[in-house]
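**Q**
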Amino acid sequence: MVAPNAPQPTPPRVALVCLALLALPGPLGALAAQVAPPGAEYAGLMHHGVNLSAIMTIFAPVSERIANEQCRQDSHVFLAELHKFTLWATQMFDASVKFPTGVLYGSTYDFGNFDECMQVQSQRNDINGKYCLARIRIFPGAASSAAASTSVPDMATLTATSVAPPTSTTPVLLDTLHNESAWRKIERIAEDPSKLRRDEVHWAFCIPSSCEAEDLTVHLEDALSVYTEQYGFSVQVNVEGDMCTINKGFNLTIGDIITLSVIFLFASIVSMCTGYDLLRQFRTFKWIELKSDVGHNVVISFSAVANIRKLLAHKKSPDGLDCIHGLKLISVFLIIMGHRLMFNLGSPLVNTEFIEGFYGRIDAMILLNGPIVVDTFFTISGFLVCYLLLQEFNRRNGKLSFIALYIHRYVRLTPVYMVVLGFYATVLAKIGSGPLWQRKVGVEVERCVASWWANILYINNYVNTDQLCMFQSWYITCDFHLFIISPPIIWLLWKKPRWGEISLAFVTVISVLVAFFVTYWGKLDALLLLYMKTLSDPIANNTFREMYIPTHTRASPYFIGMAAGYLRYLIKKNDTKMPKIGVWLGWVVALVLIEGTIFSAWVFYLPGREYNALLNAIYGAFHRITWSVGTSWLILAISTGNGAFMEPILTWRPIVPLSRLTYCAFLAHGGLQLYSVASSGNPFYGSVYNLVWFTCGDIVVSFLAALALSLMFESPILSLEKIFLKRGE
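What follows is the structure, given as C-alpha cells:
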C-alpha cells in the first residue's frame, strides 16, 4: 500500500504527449468543429465524451502562427474532406502515427505508413501527400523530476533497511524497482552511452505537400503547448527538411545519364564480345575470327565466357598459399556480417532494450569487436606483397620498376571502384524511397558528390573525412598507401637483409607508437565502440575519423603481415622444417592471442567504467598487433603443411572463384545494405537469427553484384593491361 502522504508519481511525459496527439482539446478542437459540416458522417462516432474532431485536427497544420497560407488552406481542405470520409483525406489520416507502443522498451520510432502517404493524391484540390518524420524531445519540469526521484528509495536506503542485503531476487527490491517512476528509468537511460534515449521520439505525419517542415514544427509546438503548461513539462519539436518526402517521380540528371551510359556501354561491349567468343567456336562462323592477335585478344578480354573460365581456373600453389583464398573469403563474410550489424543497430529498432543488454556481455564481443576482422585483410595484403615481391626480385635479379608496380596497383583497384563511386554519387538516390531514405541515402549521395575526387586520389581518409564517401572506402585508401611504402623496404630485405629487417622493425615500432600517442593525446576510445548512437552515423564519431580510418594508425597489421611474408620466404629459401613442439606452441599462442584480442574488448563496454587514457592508448596500439600475429601464424602454419584440419577447409577448391570476387563484393555490399535499411518501412527487430538471416541474403546478393562488376569492368581492364604491358616490353 502507498502511504497517504506519499508523493504521487507524475504521469510519464511520453504518455502525455501521446495522449495529446489523440485528444487535443481547446482552440484547435473548436476549429475542427467549425470545419465540420452539419450532419457529417463522423458525427455518429462522438460518444463517451471523446472529441474526435480534436483528434483529427492534430494531423493537419492549421496553427495561426504558420506563415505558409497555402499550407493552412490545404490543411483546412484536408480536414473538411476527412470529416466526409473522402478516400484521399482518409488515406492521409490513416498514414500518420496514432498511438505509439513500446517507447519505454526503446521503440522510439513509429513510421506510420510511408507508401500509403506517397499515394495520396487529390487532383480536384491539387493536394498530394507529404511524409514527415517529427522528432519530439520531452523535458520534465523541476517538480516532476523531484517526484520521480522520490518515488523510489535509492539502493543504499534499501540495503540499510533490509534484514539481508538485497539481491536480484529479493522481493522488496523487485517490488520497489517495478513500482518506480517511469520517468526515473528514462532519466537513467539518458545518461548511459550504451542506451538510446526514451525522452526523444520520432513520429510520422502525412500532411499536404504544400506544407514545409517548419510549418509542421510550428503546428506541433502549438498543439502540445496546452499540455506542457498544464502538466509542467516542456517539449522541443524538430522537423528537418531531409525528414520530409514527397513523390517527385524519376528525373535523370546529367550525372545519372553519364553513369548509366557507362554501365550500358560496357554491358553492350561484353555482350558483343561474348557473342564473338561463342560463335568462333563453331566451324560455320570461323570466318569471323580476327586475324590480328592483338585485336583478337582485346575482344576476348571482354568475353564473359573467357573471364568466367579464368575465374573458375585453379592451379595449386607450390608454396602452399591456397589457404589465403579461404581466409579472404571468410574475412569478407565476417565483414559483411559486421556491416549488417552496424547498419541494423544504427537504424530504428523495435526491441532496443533487448539489444542494450548485449553491451555488458563478454560473449557479445564476438560481434561487438567484429571490426578487428578488417586487420586480417591488412595482414594478408602485407604478407602477399612482401612474399611475392621477394620472389619477383629473385626472378628479375632485382630489376623491377617501382613506378610500374604503383601504376599496376592503381589500375587494379581504380576502374571498378570509380564505377561504384559514380553509382553512389548519382543513380543510388533515384532507385528507392522510404522514411529514412533522405537521412541515410541522401546524406551518402551528398558526401559522394562533395568528396568523390578524394577517393579517386586515395586521400579520402585524410581529406574531407567528415564527408567520407562510401564508409568502407577508407580501407582501400589505407591499403594503397601501405603498398606505396612497402616496395623499398622489401627491396632492402632482398638486397641487404640486415638493413631491410631494421627498416621493417623500425616502421612497425613507429606505427605502434603513433597509434598509442594519437589515442592518448586525443583522449580517444581504444576501439570503435559499436553503440547504437555511434552506428547511426559512424563518420560523425571522433574515434572513427581520427583513429579508425587514418593510415598511420592502421599500419601495424600490414607490417606484421610483411614480416610474416619475409619469414615464409626465408623458410622456403633455406628449406627450414618447423619442429613439432614449435608448431604446437605456435598454435596455442596464436589461438590465445586471437581469442584474447576479441574478448578483452569487454573491458571497454563495462557500464559505469571511468575513462582511462593510458589503458585506452595501450589497448588501441597493441590489440591490432596481437590479432595480426595470430593471423600470420595461421598463414605460416598452413602454408608449410602444419594446418591440421584447417588446411582442407581453407583450401577447398570451390572457395577459389569466390575468393577472387572478394574485392568487388567488398565494394558492392555497403550500398546494398544501405538500400535495405533506408527503404525499410518499419523499425527492425534485433536478434541473432535475423542478423544471420540478413547476412546470408547480403552475401548472396553482394557476390552476384560482384560477379557482374568483375565481368564488366575488373577482369576486362586487367586483361587489357596485360596485353599492352606485353607489347610495351
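If you use the working numbering, the sequence shown closes out at 1505, no skipped numbers anywhere.
Think of the CB as a built atom: it goes at the ideal place given N, C-alpha and C, for glycine as much as any other residue.
1. Since F981 sits in a beta bridge, which residues does DSSP pair it with?
2. Who are Y885's beta bridge partners in DSSP?
3. Can you look up V1013 in the DSSP assignment and give me helix, strand or coil?
4. Quick check on the DSSP output: the alpha helix (DSSP H) that includes T1050 runs from which residue to which?
5. Nearest-angstrom Cα distance between P837 and I903?
6. Run through DSSP, which three-state label would L1189 get?
7. Are T1241 and R1171 close, meaning C-beta to C-beta below 8 Å?
8. Check the DSSP bridge columns for T1021 and list the partner residues they point to.
9. Quick one: residues in its chain with C-beta nearer than 6 Å to the C-beta of L1121, no 5 flanking neighbours on either side, listed in chain order?
10. According to DSSP, is F1078 part of a helix, a strand, or is it coil?
11. Over the uninterrupted alpha helix (DSSP H) stretch that includes H1399, give me the two end residues.
12. Determine the extent of the alpha helix (DSSP H) in which H1090 is found, giving its start and end residues.
13. Leaving aside the five residues before and after L1036 along the sequence, list all residues of the same chain whose C-beta is less than 7 Å from its C-beta, in chain order.
14. Taking the alpha helix (DSSP H) that I1106 belongs to, which residues open and close that run?
15. Does DSSP put F1247 in a helix, in a strand, or in coil?
16. Within 10 angstroms of the Cβ of H1115, are there 16 or more other Cβ atoms? Answer buried if so, exposed if not.
17. Specify the secondary structure class of P1526 as computed by DSSP and reduced to three states.
18. Over what stretch of residues does the alpha helix (DSSP H) that includes I1347 continue unbroken?
19. Buried or exposed: V1196, going by 16 or more other Cβ atoms within 10 Å of its Cβ?
20. Using DSSP with H/G/I as helix, E/B as strand and the rest coil, what is F1292?
21. Quick one: what does DSSP say Q1167 is sitting in, helix, strand or coil?
22. Measuring alpha carbon to alpha carbon, tell me which of K1356, T1352, V1288 and P1355 ends up nearest T1327.
23. To which residues of the same chain is R1330 closer than 6 Å at the C-beta, ignoring the five residues directly before and after it?
24. Under the three-state reduction of DSSP, which class applies to P813: helix, strand or coil?
25. Measure the C-alpha to C-alpha separation of L1485 and T1128 and round it to an integer number of angstroms.
26. Could you tell me if L1476 is buried or exposed, where buried requires 16 or more neighbouring beta carbons within 10 angstroms of its beta carbon?
27. Which whole-angstrom value is the C-beta distance of R974 and V873, which I expect to be below 8 Å?
28. Which same chain residues end up closer than 6 Å to P814 when comparing Cβ atoms and leaving out the 5 residues on each side of it in sequence?
29. Are there 16 or more other CB atoms within 10 angstroms of the CB of V994, so buried, or fewer, so exposed?
30. Tell me where the alpha helix (DSSP H) around Y1451 begins and ends.
31. Which of the three DSSP states is assigned to F861 in this structure?
32. Starting from F1530 and walking both ways along the alpha helix (DSSP H), at which residues does that stretch end?
33. For L1125, name the three-state secondary structure that DSSP assigns.
34. Considering only the alpha carbon of each residue, which of I1357, E845 and Y1200 lies closest to L1244?
**A** On the basis of the supplied data:
1. For F981, which the question treats as bridged, DSSP gives the partners C908.
2. H978
3. strand
4. Under the DSSP assignment, T1050 falls in the alpha helix (DSSP H) whose first and last residues are I1030 to L1055.
5. In this structure, the CA atom of P837 is about 14 Å from the CA atom of I903.
6. helix
7. Cβ distance not < 8 Å, so T1241 and R1171 don't count as in contact.
8. Y907
9. M1308 and L1311, listed in sequence order.
10. coil
11. A1389 to S1415
12. No alpha helix (DSSP H) holds H1090; DSSP gives it neither H nor E.
13. Closer than 7 Å at Cβ, skipping near neighbours: V1203.
14. C1099 to L1121
15. coil
16. With 16 or more Cβ atoms within 10 Å of its Cβ, H1115 is classed as buried.
17. Any answer about residue 1526 is impossible in this case: the structure gives the chain only from 777 up to 1505.
18. S1332 to N1350
19. buried
20. helix
21. helix
22. V1288
23. Non-local beta-carbon contacts of R1330 in its own chain, meaning distances under 6 Å to residues more than five positions away in sequence, involve C1254 in chain order.
24. Bear in mind that the predicted position of P813 carries a pLDDT of just 44, short of 50, making it too unreliable to give a figure here.
25. 37 Å
26. The sequence shown places Val at residue 1476, not Leu. Answer is exposed; the Cβ neighbour count stays below 16.
27. Contact doesn't hold; Cβ gap of about 17 Å is too wide.
28. With a pLDDT of only 37 at P814, under the threshold of 50, the placement of this residue in the model should not be trusted; the figure read from the coordinates follows. Within the same chain, P814 has no close Cβ partners at all.
29. buried
30. T1438 to A1454
31. coil
32. No statement about residue 1530 is possible, as the shown extent of the chain runs from 777 to 1505 and does not include it.
33. strand
34. Here the closest residue by C-alpha is Y1200.
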